[in-house]
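Chains as they are written, first to last, in our numbering: chain A, 234 to 563; chain B, -5 to 771. Please read the structure below before turning to the comments.
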């Protein structure tokens, strides 16, 4: 590891002014950044530790819903009663992420800002569209875990299991910076996560000096049914190979439902076409069949990840059965 | 001398007498029914608390005064020649004390895989060493590479080896007289080729005459050892004498390398210390280049150097289990008897060809066998022995062939089919235990439209590890009653330390708590390397013999001082007793206090040869139960029943631990672990513990260990090793269970969701097509 300085600002203003460029990273739980520093994937002269900044470590109810401070640990989010009752899909996905040790250190803010797990990006000597070069090594290389949708520029998958769930819940990301006299800005989750076409070098809509201060979850419709299903080889310390988040509003109309796919594209993939199928009919076998037929549309599998299409079909079926309250499987 | 004795050998309710001639000074083995106080009891390993509380000091933890840190620079290229190395800038970096280049030290300027050692440096801090390593300037001539077995076997593939070496080379049957880097003598080779052709024809004919022929083409992956503690040592020099705290499974082998001409070290003397080892699995027999580098950097620096590999170096260059392609055809008759087996297999152990073999032609009575095996050179890190080298991969193929053959004959149950073709006396019993405990005959949801399917699979193992000569043990009984047993070999985690003490305690008639063990120090008596699961079988007879003679000396002292007959005395439950069982009134401590000297010390060597015994091999059967999610392809192993035997059980608790460890590593091999090489740059992409997936605790199945106690009569402790055998059958049992669950076979491990989904899809596609029969391999 290359030695680096640690700045310990006490305010957002100070922290923000310390980050003039992304060469100076912010650190919270450090579960992602430290690993990348150890591997010389990034070699900052200084990191800015956010943990002394007050007011970022709580979960609070607001008039508009629930506010989760960016420094709240994954474990505290997953076990929080407001989250568990109001946003069970979020509690479910976080509760299964990584390992208990990592969940005790990692923060919700860090989780949604983590860098891709692409094994080319995480090895020295592979420059690509994401880090100052062009092209994508995975597209013609080893891509078993890479994206099947939207993978033309870069085949990374968004590594946060939480991201698709936040998109489904219509969450917003609260961002502050030193600029414009500390004005807060709220970015809807589906605009926060960027596609490589939008900007291959960034995964999230943060500019230098901008700090994620909270995740805002809107007040909820109580008639909602939910399901989060994912597949991965190991039950702990592994990443999803595909996930499906479904929110279903009883008696809802077209546009009320949410279907978001995870781990199959560079950013969470909301599928309006699948939402329409759910809106159009009952949650029955015909509906499952229609969804399964549709879900692979637009996929562009690479040499080793074609299995993600049938995997998504399987997860979709599970998701609908789960909405119907069928017993949890396996 | 009455050295010819008759003993009872066997297991369960099957015993028979065997007459053995005891070797010089040896003592008879324990007999069935003989009351034992320590041996056979479940005892937590003596170092359990030290290990879980962190007080146990591994090589990684050693911090002698003045310690500095070594780093190895590795080639980033899939295949390269090192033209030149400039250490000038690196040597000028802050804190740097010593440096070397691999071409100068090892006279090797090839870097035939990404990760190959190029140069090394030592500096005061880890950060300084990192920085200095990155300042080393290397001029590489980069060449084309082949990093997968398929790339290397492809037409027009770049040559991996040197001289006339071909990428694909037959390793068995061998042509004698082959020289390094040369092709075999053409005449000798032609003879072998002709023999092979004859054999192929013979077995072809046998298969043609069989009632049923099944065929399969199987693949297994490269598995790295991934021990928690990486390879390496902390090295320190004192007046030409070298001290190494080494992470090794062969303390004496390590010492031998350091004092030989090998690797330029040539220490006049070397002491190797290895009190605790964080896993080896077969990869730590040699000091390796890292061991040599550590010693040389320390000599130049004049201070101790810690030279332990980082995880990437460990994963790319410290050994692995080679992959395999195994094509097989098996002929079987309607009566269930196997007629013959044809095998063509390939494996890649890196840029060499040694160790590529798969053990896929044993365990069962397989009729006539025609087997040809090839080594395939690739630009990848070299293979090393990996827990039962060649066996798990061979088992994955052979055991699936067994199931396929059984299914091809109407109505033969896979377990019954194995029994028909298996003459091992112990395994015959073990099949029944496995069958009952896994719920083999229970009704299950299999295949079809169900989303979660359940299946069971079975596989067998075999091993041969009664140990041999080459070890001595020193037993020391002090005047104050302290008992110590010493041997210089290491405990790689198998429980060696504990079982040595148990055997000594049993023989001395004292509780285990009164015995301490000292191991892992080459200043102590000679011991074996931990290889072939022979450590326990080699060490414990020496331990028992030394304890026995120490007891005799102690009782002689007692007899002399008290005026008793020494032949009438014995030790039991920490008391001096008479042969009729009565107490003499003397405790063990009282007896010790009668010594004139400070201590009794007895050094005894293990008898070199083993007795004929009951069975030369351990058996073993494993059954796995899996659940497969048909929609996602995810496989969960729910339960593994592991029936194992290892001669006489010294400590069922540590024996069980060995079996559990084998099963866990086997399930991990079956479902997760695989090395992933990048075709572009030839580098290992998962050279970490994040993407190199290893079975975690949540994913562990229920492991039901059943141990069969066998009086095999092969040595005075009759024990056999159990480190390797339990990994042999696991992956094969899992593969058979998956096939049972989903109704289609996955011919490649690891059985990942991708492969399961692909197999299900191809099954749906080809359901209508008729199968070819009897095609040639």
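We treat Cβ as the ideally placed atom computed from N, Cα and C, and that holds for glycine.
Step through the CB atoms of chain A and report whether any lies within less than 7 Å of the CB of residue 690 of chain B.
yes
Any C-beta of chain B under 7 Å from that of residue 470 of chain A:
yes
Close Cβ partners of residue 12 of chain B (< 6 Å) along its chain, the five nearest in sequence each way excluded
1, 3, 707
Residue-level contact to chain B via CB, residue 563 of chain A, 7 Å cutoff:
Its pLDDT being 39, under 50, residue 563 of chain A is placed unreliably by the model, and nothing is read from it.
Please tell me whether residue 368 of chain A has its Cβ less than 7 Å away from any Cβ of chain B.
no
Scan the region 337 to 360 of chain A for residues whose Cβ lies nearer than 9 Å to a Cβ of chain B and list them as they occur along the chain.
350, 352, 353, 355, 356, 357, 358, 359
Hey, how far is the Cα of residue 498 of chain B from the Cα of residue 487 of chain B?
19 Å
Where residue 498 of chain B falls: helix, strand or coil (DSSP)
helix
Sub-7 Å separation of residue 699 of chain B and residue 640 of chain B beta-carbons:
no
Could you tell me which chain A residues have their CB closer than 7 Å to the CB of residue 747 of chain B, listed as they occur along the chain?
464, 466, 474, 540, 544
On the DSSP bridge assignment, give the partners of residue 232 of chain B in chain order.
B:235
Name the chain B residues whose beta carbon is nearer than 7 Å to that of residue 288 of chain A?
Ordered by position in chain B, no residue passes the 7 Å Cβ test against residue 288 of chain A, which lies about 33 Å from the chain.
Between A:361, A:508, A:295, which lies nearest to residue 449 of chain A when the distance is taken from Cα to Cα?
A:295
So, is the C-beta of residue 550 of chain A closer than 7 Å to a C-beta in chain B?
yes
Quick test of the definition: if touching needs 3 or more C-beta pairs under 8 Å, does the region 716 to 735 of chain B touch the region 655 to 667 of chain B?
yes
Thinking just about the alpha-carbon of each residue, which of B:705, B:82, B:692, B:665 is nearest to the one in residue 772 of chain B?
Residue 772 of chain B falls outside the range modelled here, since chain B spans only -5 to 771, and no answer is possible.
With DSSP collapsed to three states, give me the class of residue 63 of chain B.
strand
Could you tell me which chain B residues have their CB closer than 9 Å to the CB of residue 234 of chain A, listed as they occur along the chain?
120, 121, 124
Measuring CA to CA, which of B:611, B:-3, B:585, B:449 is closest to residue 527 of chain B?
B:611
For residue 86 of chain B, count neighbouring Cβ atoms within 10 angstroms of its own Cβ and tell me buried if that reaches 16, exposed if not.
exposed
Taking C-alpha atoms, which residue in A:408, A:487, A:340 lies nearest to residue 311 of chain A?
A:340
Considering only DSSP beta bridges, list what residue 116 of chain B is partnered with.
B:64, B:92
Quick check: the region 187 to 194 of chain B against the region 379 to 391 of chain B, are at least 3 beta-carbon pairs closer than 8 Å?
no
For the region 362 to 394 of chain A, list every residue whose C-beta sits within 9 Å of some C-beta in chain B, in sequence order.
370, 373, 374, 375, 377, 378
For residue 250 of chain A versus residue 411 of chain A, is the C-beta spacing smaller than 7 Å?
yes
Looking at residue 298 of chain A: is its Cβ nearer than 7 Å to the Cβ of residue 291 of chain A?
no
Do residue 545 of chain A and residue 528 of chain A have their beta-carbon atoms positioned less than 7 Å apart in this structure?
yes
To the nearest angstrom, how far is it from the Cα of residue 430 of chain B to the Cα of residue 729 of chain B?
20 Å
Compute the Euclidean distance between the alpha carbons of residue -5 of chain B and residue 456 of chain B, then round it to the nearest angstrom.
Residue placement at residue -5 of chain B is poorly supported in this model, since its pLDDT is 49, which falls under 50; the coordinates are not used for a value here.
Identify the contact partners of residue 755 of chain B in chain A, using a Cβ-Cβ distance below 7 Å as the criterion.
543
What are the start and end residues of each continuous beta strand (DSSP E) run of 3 or more residues lying completely inside the region 345 to 380 of chain B, in chain order?
362 to 370
Hey, out of B:680, B:543, B:593, whose CA is closest to residue 20 of chain B's CA?
B:543
Report back the beta-carbon spacing between residue 499 of chain A and residue 428 of chain A to the nearest angstrom; my notes put them in contact at under 8 Å.
5 Å
Would the beta-carbon of residue 288 of chain B fall within 7 Å of that of residue 64 of chain B?
yes
Note down, in chain order, each residue of its chain lying with its Cβ closer than 7 Å to the Cβ of residue 38 of chain B, except the 5 sequence neighbours on either side.
647
For residue 15 of chain B, write down the residues that DSSP places opposite it in a beta bridge.
B:-2
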